[in-house]
Amino acid sequence: MIDTQPVIRTEGLTKVFGKVRALDGLDLTVRPGEVHGFLGPNGSGKSTTIRVILGLMKATSGRAELFGGDPWRDAPRLHRRLAYVAGDVALWPALTGGQCLDILGATQGGVDERRRADLVERFELDPTKRVRDYSKGNRQKVALIAALAADADLLVLDEPTSGLDPLMEQAFQQCVRERRDDGVTVLLSSHMMGEVEALADRVSIIRRGRTVTSGTLADLRSRTRSVVHAVTAQKPDGLADADGVADYKQDGPHGQVDSRFTIDPDHLDSVIGRLHAAEIRTLTVTPPSLDSLFLRNYGPTPDPDEAARDESHTETAR
Amino acid sequence: MTDRRNGTSERTNGLGIMLGIVGRIQRRSALIWVFALGATMLGTAAAVAALYDTPAKIHTYAEAVTSGNALVAINGKVEGIDSLGGVIQDEFGFMAAFLLPLLGIALVARSTRREEESGRLELLLGGRIARHEPALAALIVATATIAATGMMFAIGLAVSGVPLARSMLYALSLAGLAFVFAGLAALLAQLTRHARDVYAWSLILLAASVVLRGVGDVTETWLTWLSPLGWAEKAAPFGDQRWWTLAIPLAVGVTLSGAALRLAARRDLGSALVRGGAGPEHASAWLRSPIGLAIWIHRPATLGWFAGGALLTGAMGALTQQALDAMVGNSAFAEAMGITHGRPLDGFVAAVQLYLAVIATGYVVQAIGTLRAEEADGRLETRLSGTLSRTRWLASHSLVVLAGLIVIVLGCSLVLGLATAISVGDMAEFGPTLSAGLAYLPAELVLAGLALAVYGLRPRMFPIAWAGYAAVTFIAFLGPGLKFPQWVLDLSPTTHAGNPPEGAIQFGALTITAAVALALIVMGFAAFRRRGVPQS
Ligand SMILES: Nc1ncnc2c1ncn2[C@@H]1O[C@H](COP(=O)(O)OP(=O)(O)OP(=O)(O)O)[C@@H](O)[C@H]1O
Ligand SMILES: [Mg+2]
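Respectively, the protein sequence lines represent chains A and B. When we follow my numbering, the leftmost residue of the first sequence carries the number 1, and every step to the right adds one. When we follow my numbering, the leftmost residue of the second sequence carries the number 1001, and every step to the right adds one.
As structure tokens, then:
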């Protein structure tokens, strides 16, 4: 019953534009029924990967499979089963939103008119307005509604929420969940961590055209260290040398002991035991956010001070 | 470009920054304009000087051209035509009436409305650029380019042996013409929403100027004075040399520019005077089909070129009888029109048909150029992400452009046939006029093929298609009159139609021309299937 053939699979994909190596051995597997987050900094090759997967561009080398077929040779047939929202939504300025929805729908495999009407309402789109009179967010909505209303097995969304306000962002997330519950597979490219964390079952992170890591969110988290900040009444016993603890820092200004450190997930339990013995006053355990996964790219363990400060992850990619 | 500024920098001059930006955007196209126009003028002047090398020959030419109204309507009324400069002004007249306004329009439209439409302007205005400065910078760069073009003209004329003062006046009168249209385009850029509309409205006003000037010249009334083309003509560089007339285009251009700047300083970004209201909630069935959408995309341009063609063929057809009267007993006039043998009526129709072929060719190149815009703006990517294949998409557009071409050619030939018949009072020429129009289809399709091939292979190189069109125009308009060598004439596919109906339609040559067109079209389709989308 469960189709185990990947919906999308690329192996060692490379794409060279003149002197620019946009993709450099990219691997990506999207399984049926999952929401797959596709993360990477600007210019890392997300849109290029998607264009190769859709058969819009031909890979320089490597393999790309869509529904088990070759997208470059068989695009129109394979596209029957998918809907796509491009990174830069471009529509015909002189047409109305409703007309654009119909035109986009006409080349998709099929459109569920009831769902479309429902989506128009939920996204509060006025379909009688001309595209040129729409704001950027409203133009984005037209493309999103067209894709979400399609009778597709796969949604390919390239940074779909750029320009949406938080309310609409919520509506979008809800719609994607509903589609997933209908069994639709979703490839969601983004650099909005919150969105991917909220939606994705699995995540692939790429950088400079290469896959850095991929797996379920839990999987990725379990391979990364959490940051602990504890205030205890007494000095915790042997914490600095305990298994799994690193970056240990301690000071005790007002008769309390302030400990900061990072811990790998396997040893969290025993360390909390030691803190408990020292009488916990306050305790925060920050699991690694996707943000830090993404920005630090599994580099050296995060410095607890730095991890505690919210906006301090400014490692510059070189 | 790692231009680093620290916090201590003083208020930097916004206009200076803007000039740098516009200059960079425009550098290439401005250079191409200056040199292409300069070369055209120099080529015309040199050819005229070589061909009419004695006063007697110039005199014969002048007599011929002034002996009827047909040529006056097309090339304008040249005062002092009995001189080398006069002949040049006459030969260059038709092209100048078209190219110089276009120079002003293109330079301004590209760096104002087009930039605003793309959202790039918003980026700049967020910085320290004042609202009116982009338009001002565009006008300054356009004016500088126009001035450079004028200088090239003056030098080209002087080199060919035209007196310096007269060369200067002629060059300045043409520059004034371009300047008026630059100011007009700047104003329209503030009033309309799209660069396309700036072109459309400017060209409509240009057409009106052509008609006013033509009617004014033929009827010898003050109507000429209402047309920017008339102001250039009334400078009479080779006649009375009315230097003061230069003040008219200067004043009008400055007024238009000033109005544009005032509007730019006041209105909201992205807004326009002319707004569209609400529209239908659903697309009709035909708009949903690839062909239907292609028709919708190409319709405005098709109608525009059709209107231009019908205007030209209708006006010329209506003057047929006068042209024939002028030709009676005056072979030099016929020669000036490129008619060397055969019946005068056939020769006249053939000359008009060649003009129509140039218009129709411009249409196909421009229509295929819009495919590039579909791709660069990002719509093609979305279009091809569905069940529509590349071949079907390109085929729908090609078919629609082909249909548009046939409509333009047949429609304008019909207008020409009718106008001619009414003018000479005889319907006999109707059939040959239509078939002459159709005989140019293969030639027009060669340029369509060239445009498709360039689009399929390297859309970025699309200016090659326009260069091909420029060459065809140059050869078609000036080749016969200036007696280019046969091999140069043969470079243009229009030559191979055999100049119908004066010459017999060359079916052998037409077959070869059609085969070349087909090969180019197939090449375009094959390359398009193979390349990545989008490429800009
Ligand atoms: N048609 C093209 N020609 C030349 N270079 C290109 C082309 N398309 C993409 N590139 C280059 O390939 C690289 C990857 O681009 P891509 O658009 O795939 O990045 P991205 O991950 O989608 O970035 P963003 O998050 O900004 O959308 C970039 O360096 C880009 O400049
Ligand atoms: Mg992208």
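We put the beta carbon where it would ideally sit given N, CA and C, even for glycine. Because the structure is a prediction, the values reported are computed rather than measured.
What residues in its chain sit with their C-beta under 7 Å from that of residue i, if we drop five residues either side in the sequence?
i         : result
B:Thr1576 : Here chain B comprises residues numbered 1001 to 1536, so residue 1576 of chain B is not present and cannot be evaluated.
A:Ala240  : Tyr248
B:Arg1004 : Interpretation of B:Arg1004 is limited by its pLDDT of 43, a score under 50 that renders its predicted location unreliable; no figure is taken from the coordinates.
B:Gly1411 : Phe1306 and Ala1310
B:Leu1051 : Leu1482 and Lys1483
A:Leu164  : Gly137, Gln140 and Phe172
B:Ala1264 : Arg1131, His1132, Ala1135 and Gln1190
A:Ala59   : Leu13, Thr14, Lys15 and Val52
B:Leu1293 : Leu1287
Within the same chain, show all residues whose beta-carbon is closer than 6 Å to that of residue i, passing over the 5 residues directly before and after it, in chain order.
i         : result
B:Ser1257 : Leu1139, Gly1183 and Ala1186
A:Gly299  : Reliability fails at A:Gly299, whose pLDDT of 45 lies under 50, so the model's placement of it is uncertain and no value is given.
B:Ala1158 : Leu1164 and Ser1167
A:Thr288  : First, the amino acid is wrong: residue 288 of chain A is Pro here, not Thr. Correct list, in chain order: Arg221 and Thr224.
B:Ala1154 : Ser1167, Met1168 and Ala1171
A:Ala200  : Val35 and Gly37
A:Asp251  : Asp258
A:Leu157  : Val85 and Leu188
Please check if any C-beta of chain B sits within less than 7 Å of the C-beta of residue i.
i        : result
A:His79  : yes
A:Pro160 : no
A:Pro32  : no
A:Thr128 : yes
A:Asp88  : yes
A:Tyr134 : no
A:Asp303 : Residue placement at A:Asp303 is poorly supported in this model, since its pLDDT is 46, which falls under 50; the coordinates are not used for a value here.
Taking 7 Å as the CB-CB limit, is residue i close to chain A?
i         : result
B:Met1001 : No answer about B:Met1001 holds up, because its pLDDT of 39 lies below 50 and its placement is not dependable.
B:Val1210 : no
B:Gly1532 : yes
B:Arg1266 : no
B:Ala1278 : yes
B:Arg1299 : no
B:Ser1389 : yes
B:Ala1310 : no
B:Glu1281 : yes
B:Arg1288 : yes
Less than 8 Å between C-beta atoms, sequence neighbours within five positions excluded: which residues of the same chain meet that for residue i?
i         : result
A:Asp266  : Gly244
B:Leu1538 : Since the first residue shown for chain B is 1001 and the last is 1536, residue 1538 of chain B is missing from the structure and cannot be characterised.
B:Trp1033 : Leu1103, Ala1106, Leu1107, Thr1145 and Thr1149
B:Ala1147 : Ala1175
A:Arg51   : Met57
A:Pro93   : Arg130, Val131 and Arg132
B:Thr1143 : Phe1179 and Ala1182
Assuming residue i and residue j make a contact with CB atoms under 8 Å, what is their CB distance in whole Å?
i         : j         : result
A:Leu23   : A:Ile205  : About 15 Å; that fails the 8 Å criterion.
A:Arg225  : A:Asp264  : 5 Å
A:Val85   : A:Leu144  : 6 Å
B:Asp1240 : B:Glu1079 : 7 Å
A:Gly110  : A:Ala150  : 7 Å
B:Ala1023 : B:Val1141 : Strictly speaking, residue 1023 of chain B in this sequence is Gly, with Ala absent from that position. So it is a contact: roughly 6 Å between Cβ atoms.
B:Leu1100 : B:Leu1177 : 5 Å
B:Ser1202 : B:Phe1181 : 6 Å
A:Gly209  : A:Ser61   : The Cβ separation is near 12 Å, so there is no contact.
A:Gly97   : A:Asp126  : 7 Å
B:Val1215 : B:Thr1320 : Actually they do not touch by this definition, with Cβ atoms about 17 Å apart.
B:Leu1380 : B:Phe1348 : About 44 Å; that fails the 8 Å criterion.
State yes or no: is the C-beta of residue i nearer than 6 Å to some heavy atom of ligand 4?
i         : result
B:Asn1075 : What this structure holds is ligand 1 and ligand 2, not ligand 4.
Where the stretch 1373-1387 of chain B meets chain A: residues whose CB sits under 8 Å from a CB there:
Asp1377, Gly1378, Arg1379, Glu1381, Thr1382, Arg1383, Leu1384, Ser1385, Gly1386 and Thr1387
Looking at chain B, which residues of the stretch 90-110 of chain A have a Cβ within less than 9 Å of any of its Cβ atoms?
For the stretch 90-110 of chain A, residues whose beta-carbon sits nearer than 9 Å to a beta-carbon of chain B comprise Ala90, Leu91, Trp92, Pro93, Ala94, Leu95, Thr96, Gly97, Gly98, Gln99, Cys100, Leu101, Asp102, Ile103, Leu104, Gly105, Ala106, Thr107, Gln108 and Gly109.
Residues within the stretch 1131-1150 of chain B neighbouring chain A, beta-carbon criterion of under 7 Å:
none
Residues from the stretch 1096-1116 of chain B in contact with chain A, defined by Cβ distance under 9 Å
none
Give, in chain order, every residue of the stretch 51-75 of chain A whose Cβ lies closer than 8 Å to some Cβ of chain B.
Arg51, Leu54, Leu56, Met57, Lys58 and Ala75
Could you name the residues of the stretch 1471-1495 of chain B whose beta carbon sits closer than 9 Å to any beta carbon of chain A, in the order they occur along the chain?
none
Taking a cut of 9 Å between CB atoms, which residues from the stretch 241-267 of chain A lie near chain B?
none
Quick one, which residues of the stretch 1413-1430 of chain B are near chain A if we go by CB-CB under 7 Å, in chain order?
none
Would you list, in chain order, the members of the stretch 1163-1195 of chain B that have their beta-carbon closer than 8 Å to a beta-carbon of chain A?
Arg1193 and His1194
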